[in-house]
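Participant: Residue numbers (full-length UniProt numbering): 1 to 298. Backbone N, C-alpha and C fix where the C-beta goes; we use that ideal spot for every residue, glycine too.
#1: Report the rounded CA-to-CA distance for residue 52 versus residue 246, giving the unit in angstroms.
#2: Compute the Euclidean distance between the alpha carbons of residue 27 and residue 62, then round it to the nearest angstrom.
#3: So, using beta-carbon positions, are residue 242 and residue 236 closer together than 9 Å?
#4: According to DSSP, is residue 3 helix, strand or coil?
#5: Can you tell me whether residue 70 is buried or exposed? The criterion is at least 16 other CB atoms within 10 Å of its CB, across all chains shown.
#6: Jot down the residue ranges of each uninterrupted alpha helix (DSSP H) in the region 47-113, minimum 4 residues, whole runs only, in chain order.
#7: Does the distance from the C-beta atom of residue 103 to that of residue 33 stay below 9 Å?
#8: Going by DSSP in three states, residue 238 sits in which element: helix, strand or coil?
#9: So the alpha helix (DSSP H) residue 255 belongs to, where does it begin and stop?
#10: Give the DSSP-derived three-state secondary structure of residue 38 in the structure shown.
#11: For residue 379, which option in 117, 116, 150, 97 has the closest C-alpha, if you only look at C-alpha atoms?
#12: Identify, in the order they occur along the chain, each residue of the same chain with its Cβ nearer than 7 Å to the Cβ of residue 89, setting aside the five sequence neighbours on each side.
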């Protein structure tokens with residue numbers, strides 16, 4: 001957008017040389033491809049591609065010519081969207097611009113000058129009571145669906161992780177079982193399963209081969225993530241729970257309920273596959289065991 005004043009940055013000869021030597025992308029589209037390629041999740045790559053296309057379509061200029069005013073105008077154009085959606089979209093653009101500077105494609109990262117909209121922490125609102133989670137599982141009439149719901153809650157798996165499981169990823173252990181989970185960022189972890197969860201999974205295997213999906217679709221392939229979200233909605237409605245309940249709520253419930261029962265924070269972190277214990281610690285803050293309000297005489 002030509003109305004914005006350019007940012008002038010003086011670069012000496014040695015800096016020009018180092019800048020050129022670090023440059024790894026030769027166009028905006030190449031930069032976006034490199035940025036997206038850092039992520040192993042197909043869902044994340046598709047989402048980031050959409051965000052990049054939307055931003056480039058809005059500014060209608062090369063990324064090297066984007067100014068702070070352009071970025072501010074883009075953020076303003078997102079008014080009317082949910083705060084969380086806006087924050088995620090702004091964060092994606094900031095990540096792209098930061099990556100561009102990091103590899104030497106952009107001399108200036110204008111994204112540093114703007115902040116994503118603050119997002120209310122609604123985690124506490126998305127943690128169901130333990131009795132509600134158990135009711136969802138108990139009322140599910142189909143063995144496959146009950147096994148899936150039990151795995152999501154009992155194992156704390158992400159929906160995509162559960163959908164991607166093959167029978168070769170499951171193994172008996174100590175009277176129960178374990179699942180080798182291929183998680184976010186290409187990381188692999190082993191999750192121990194209770195005897196009850198293991199029994200449900202064993203009961204639905206039938207004649208399936210080791211390379212077959214644990215949770216099969218009608219076409220015999222892996223069950224689709226969207227199908228899991230739909231069946232969770234149905235299970236929640238059957239149990240009389242909020243229509244807001246989603247498949248990820250079962251993962252939230254696993255974290256919160258296991259911490260409530262005394263599981264070590266680091267153990268919950270490893271089970272869920274969190275990169276940082278700070279992420280897992282959010283569940284403690286969402287459901288504190290005590291508060292100063294309890295000490296008042298009212």
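Facilitator: Looking at the coordinates:
#1: 27 Å
#2: 9 Å
#3: yes
#4: Low per-residue confidence applies at residue 3: pLDDT is 46, beneath 50, and the placement is therefore not dependable, though the value from the model is reported in the following sentence. In this structure, residue 3 counts as coil in the three-state DSSP scheme.
#5: buried
#6: 68-77, 83-102
#7: no
#8: helix
#9: 247-260
#10: coil
#11: The question about residue 379 has no answer, for the chain in this structure spans 1 to 298.
#12: 51, 78
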